[in-house]
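What follows is a short report on a single structure.
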Amino acid sequence: KDLGFDRTKLSGVGLTGVGHPLLGAILQRPDVGGVVLAGVLSSAVHGWLGDHEVGGAALFPGAGFVELALRAGDEVGCSLLQELTLLAPLALPGAGEVRVQVVVGAADDTGRRTLSMYSAAAGGDSWVLHAEGVLRAGGVGHGADLSVWPPVGASALDVTDVYERFAERGYGYGRAFRGLRAAWRRGREVYAEVVAPEDLRVGGFGIHPAVLDAALHAWRFANAADQLVLPFSWQGVSLHAAGAVRVRVRITPADAGSVSLALADSAGRPVLSVRQLIVRPVSGDALSAAAAAAGAAVGGRLLVTTWSPITQSNAGGDGNLETMVYESGPVTDAAGVGQRVVEALQMLQSWLFGDGAGTLVVVTRGAVGLAGAGVSDLAGAAVWGLVRSAQAEHPGRVVLVDSDDSMAVNAVIRCGEPELVVRAGIVYGARLTFVGSGNSGTGLELPDGLWRLTAGGAGTLEDVMVRSCPRENLTAGQVRVAVGAVGVNFRDVLVVLGMYPGGGELGAEGAGVVVEVGAGVKGLAVGDAVLGLLGVVGSEAVVDERLVTLLPAGWSLVEAAGVPVVFLTAWYGLSVLAGVQGGHKVLVHAATGGVGMAAVALARYWGAEVFATASRGKWDRLREMGFDDDHIGDSRTADFEEKFRNATGGHGIDVVLNSLAGEFIDASLRLLAPGGRFIEMGKTDLRDPDAVAKQYRQVQYRAFDLMEAGPELIAEMLAEVVGLLQAGALDRLPVKAFDVRCAPHAYRFVSQARHIGKVVLTLPRGPATQSMLAGGSVVITGGTGMAGAAVARHLVDHYQVGHVALVSRGGEQGPGVAELVAELQQGGAQVSVAACDVADRDAVEVLLTRLPKQFPLKGVFHAAGVLDDAVIASLTPDRVDAVLRAKVDGAWNLHELTQAVDLAAFVMFSSMAGIVGAPGQGNYAAANAFLDGLAAYRREQGLAGISIAWGMWEQPSTMTQHLGERDLGRMQQAGLDPLTTEQALHLLDAALLSDRPVVVAARLNLAALATNAEMPPLWRDLVTRPTRRVIDTADTAASTAGLVARLHTLSPEQRHRELADIVSTHAATVLGHPSAVDIDAHKAFQDLGFDSLTAVELRNRLKAATGLTLSPTLIFDYPTPAALGEYLASQLGSAAPANTDERPDLLDRFNDVARELDTLISRPDWSAEQKKELSNRIAAMLAELTAPSATKN
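Numbering follows the working numbering, in which position 830 of the sequence shown is assigned residue number 830; successive positions increment by one, without gaps.
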């Protein structure tokens, strides 16, 4: 049975049967020359699917993707699967169905076709991309001859209990997949015999997935690694014969994690060959997340608010305009927030219920942060929540603007958007977008064992990989450190981009806990927290004891990880190499970066006069560091040369600490006084010291690398630096933290020089723990309520917390508290229950001091809250204060009292009301918007912080008990379905892994949402995509073949515009812009913000997109996106221009519409009444078509 496909009906809707057990239909794509194959997976129909489990999750086997790809190739005449990369596991639900689609693109001139594979839950509208590859026409080769069997000289392996051993390692193979019957080893090669069960139906398959999967079992068995691995990349796959039930197997290792594979029938004749198969470790977290997603079926997803430039319009004049301005400023106590919200409420009430009918513009400064920017006005953030509810109640009457004063408000509001952000003359509008494509934004997957982060080799900042690694043996004088945090340096960016001389490993510095010491180590012991030059980004480091030192008391691992490289580099360069002393004039380039700030601090400590450069956007930071304008220069122009020469009375600079390139080096060399020292930290523009000495008399040029100092001197310098920091003579630098799973975001952040101070990667499974919260205390406010109790159970069951502090106003007297405590204790945790008003700072302080010493505080979950709903007209200051106290005051108290604690998690339970606005909940929306702002505020300070804006939970609580069936129905009609507790906790896990300070966790019904006639702009990007967009995305993927084919349909002018758009899109990505709208195609790359580093990445991206060999000086040879697009058009070849003068073919247009009508009419859910009405309407159309022209209106 082919589930879900009745062949008698396929042709009626433009489909053809495939005759494959997993694929029911094929749709031709005449518009692009490709096809789409569709099918349904169900364990109820294909019982063997339930026999393949990994890590407790039922997964569609990687061999199954290969079989689907081979069948797709058969349908389009491509016999070779050139490559197939598996991007995400496809977890199968215990009950229900999963729809799959295999999308094949058009053939290029060489016969190659792109291939993409997607899945979606039955009834769901969210498609997940699982695999991508390339099919190719041509011969399949001869394959391997395995007629001599068993292989001569091979030693037999005992496979008696092979599947019991697999089960111990996490592979759960049922009967269908237990095909391994015998195995041999000869040298590095492994041979095997695989026999399918007699009742396994292989008819219709090219190679049954259970047979191919079992062929790999011999290799896993012979290489008994503890880690779970899954196929990642298949290359050069050819099917020589179909329907095999008994195969001989030869597996030949190539390198670590890579093999070639040959299958033959019982006579030794070729069945299937694989040129290269690469496997990769998969973590239990990844499998659990995939399984939970499958079980949730159409469950919730994470969303984020994105800010994109919008086109301004002259429509809608000023009208009756009134502006209310809130000046941003630091919040010193939570009481200031309430006052500002009440002031805003009173203004709204006066305006909305007065005589005027115009638009009120509420202006804040710093209440909203664009991507990568923090929130400075927390009171303003709360005001935004209040106003959003006012907008929901009074559409069109109020506009929110967060401005940097670069544009007039009157000009901004003509955009017609309800909320806007203005930065540097650009207006941004808000849209909700889903996080990731089915992975909930979890980023890189970390294996359960030892691992390291490495550069993938593609030359882009996204190409960062996690590789498993063996445990290194300790030698004398070494220590083993479980890593907790790692500093990010510009060197890491160069390594990822392939620009670091001689290559190199990621990571230089970090902090962690000693877990083993080698012979002769005297100054350190197991359990000591240390910081130093660890040399890796990974779970564990083996390092010379001289390169680390004890962590000072009161320091967090995150703060410490950012200390070694910057201060050691500055010390070595300025003191050891340049000999800086009191009275010297020192120029520090890029002075707001990590090394720059350390160099400024050290030079001043030694009594030097310091000059600094930075981009103009960071000059305020330099002023905060104590620089006056005479000592500040622009790092983007060479004007500093003349300015600093004048400022020094013509003397010039004694020492330059440089990290710039090009003309900035020459300007700095000219600026040096006789006898001056030029100390070069950079790696991309090194000069010849002899040539410099000849060109610039009496100047010493010295490039260096910190490690040249040697371990003895490094130990001395590190001790000096830490001593000065401990004594308060130097200040630790500001830190921005990223989860290591989001390392590509961190590297891009550094590459764009957006950071001030240090960027640090935190490891979620910190030193000597199995998870980020294991063995510690967590405080849960609102802990005895519905959500708080669910979180407590989840943290004990899945995060192994040692102690849970349940905090609520009622304490132990609440209903069900005793039972909850008993349940948590049975799970292995200690539990305390405290009656505490979290709005009372003193009470919270006492609570924190009473936490058990043996369980250090590792997490705060702020889930407390109260409701007092009222429309804007009925809100009073008292009703605002009542709601703000629990959320705002409580969060602020917890924030202030835990700032010095190295928390792994600071989680605030917010609500969608603060982001989308909720009628009748202005006070509640304000309180939750404050939490969202506080999360961004904390993250900017390098502290843990995330605010989860929840949608509706299905399980009743005191917060939702007032809602009746009508209320719930209205919410569902608007597109918001309730989350089950299981779905909510899955989203909590995903949110904890995300790198975003604010996420929306909700279950949206997009079909219902789309029926909203007055769709707010915030929602529009969620519902404007047609469901077939998944197919379109794959067909228009940026492959060379697809690009060239598309260009051949365009006129020369259109081709040029298309390629300029491609250039602009990649340029926007490299520069960190939300979209290509930010890129002026006729503006010079240098003026757009490109430097030598970003120029290389753009070149790498364009190479991948076009397949062309491009010069490293590409953007200098073709200095604008338009010019570069023209060059690319010439390189990709000319195409016959499209005839743009022809009238549109009305019959073609009708065919497009007819295909959609065919699909619609074939749906089974038409009622008899609807069918009759539809027939009448079609008859009327036919009458109109055949009527004489004179009778037509």
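Ideal Cβ positions, reconstructed from N, Cα and C, are used throughout, including at glycine.
Just so you know, these numbers come straight off a predicted model, no measurement behind them.
(message) Give me the residue from Gly33, Arg340, Val98, Leu302 with the minimum Cα distance to Val888.
(response) Arg340
(request) Specify the secondary structure class of Glu624 as computed by DSSP and reduced to three states. (result) helix
(message) Nearest by alpha-carbon distance to Glu97: which of Gly50, Ala72, Leu657 is it?
(response) Gly50
(request) Return the bridge partner residues of Phe738 from the DSSP annotation. (result) Leu761
(request) May I have the straight-line CA-CA distance separating Val1198 from Lys858, to the nearest angstrom? (result) Because the chain is modelled from 1 through 1193, residue 1198 falls outside the range shown and cannot be assessed.
(request) Could you check the C-alpha separation between Glu1142 and Thr1049 for me, to the nearest Å? (result) Bear in mind that the predicted position of Glu1142 carries a pLDDT of just 43, short of 50, making it too unreliable to give a figure here.
(request) Taking the CB atoms as reference points, tell me whether Thr648 and Arg621 lie closer together than 8 Å. (result) no
(request) Along the beta strand (DSSP E) that carries Asp634, what are the first and last residues, could you check? (result) 632 to 634
(request) Give the straight-line distance between the Cα atoms of Arg431 and Met707, rounded to the nearest whole angstrom. (result) 47 Å
(request) For the beta strand (DSSP E) containing Ala1001, list its first residue and its last residue. (result) 998 to 1004
(request) Within the segment 810 to 842, note down every full beta strand (DSSP E) run reaching 3 residues or more, in order along the chain. (result) 830 to 835
(request) In the DSSP assignment, find the unbroken beta strand (DSSP E) run with Tyr191 in it and report its ends. (result) 189 to 195
(request) Could you check the C-alpha separation between Ala608 and Ala601 for me, to the nearest Å? (result) 10 Å
(message) Helix, strand or coil, according to DSSP, for Ile1178 in the structure here?
(response) helix
(message) Going by the DSSP bridge assignment, what does Arg1055 pair with across the sheet?
(response) Per DSSP, none; premise fails for Arg1055.
(message) With a threshold of 8 Å between beta-carbons, can Val104 be considered close to chain C, or not?
(response) Included in the structure is just one protein chain, with no chain C present.
(request) Report the rounded CA-to-CA distance for Gln770 versus Phe855, giving the unit in angstroms. (result) Note on Gln770: pLDDT 33, under 50, position unreliable in the model; the coordinate value appears next. Approximately 15 Å between the Cα atoms of the pair.
(message) Assuming His589 is part of the beta strand (DSSP E), what are its boundary residues?
(response) No beta strand (DSSP E) holds His589; DSSP gives it neither H nor E.
(request) Would you kindly work out how many angstroms separate the C-alpha atoms of Gln1131 and Ser994, rounded to a whole number? (result) 41 Å
(request) Measure the C-alpha to C-alpha separation of Ser116 and Ala925 and round it to an integer number of angstroms. (result) 42 Å
(message) Quick check on the DSSP output: what are the complete beta strand (DSSP E) runs of length 3 or more inside the segment 28 to 116, in order along the chain?
(response) 34 to 41, 52 to 54, 80 to 86, 98 to 104
(message) Can you give me the C-alpha to C-alpha distance between Ala38 and Ala214, rounded to a whole angstrom?
(response) 26 Å
(request) Using three-state DSSP, classify Val483 as helix, strand or coil. (result) strand
(request) Determine the direct distance from the alpha carbon of Leu671 to that of Leu657, and round the result to whole angstroms. (result) 12 Å
(message) Does the distance between the C-beta of Leu1132 and the nearest non-hydrogen atom of the ligand GDP fall short of 7 Å?
(response) The model depicted lacks the ligand GDP and carries no ligand whatsoever.
(message) Only counting the same chain, and skipping five residues up and downstream in sequence, which positions put a Cβ closer than 6 Å to that of Asp1021?
(response) Arg431, Thr433
(request) Using the DSSP secondary-structure output, state which residues sit across from Tyr173 in a beta bridge. (result) His52
(request) Might you give, ordered along the chain, the residues of its own chain that have their beta carbon closer than 7 Å to the beta carbon of Ser147, omitting 5 neighbours on each side? (result) Ala267, Gly268
(request) Following the continuous beta strand (DSSP E) through Ala451, name the residue where it begins and the one where it ends. (result) Checking the displayed sequence, the identity of residue 451 turns out to be Trp instead of Ala. Its beta strand (DSSP E) spans residues 451 to 455.
(message) In whole angstroms, give me the CA-to-CA distance for Val100 and Val36.
(response) 10 Å
(request) Taking the CB atoms as reference points, tell me whether Leu725 and Tyr696 lie closer together than 8 Å. (result) no
(request) Let me know the secondary structure DSSP gives Ser615 once reduced to three states. (result) coil
(request) Between the Cα of Val103 and those of Ile1178, Leu70, Ala121, spot the shortest distance and give me the residue it belongs to. (result) Leu70
(request) To the nearest angstrom, report how far apart Val548 and Leu531 are at their CA atoms. (result) 5 Å
(message) Under DSSP, the alpha helix (DSSP H) around Glu540 begins and ends at which residues?
(response) Not the alpha helix (DSSP H): Glu540 falls in the beta strand (DSSP E), residues 540 to 544.
(message) So, does the segment 399 to 413 touch the segment 926 to 943, judging by three or more C-beta pairs under 8 Å?
(response) no
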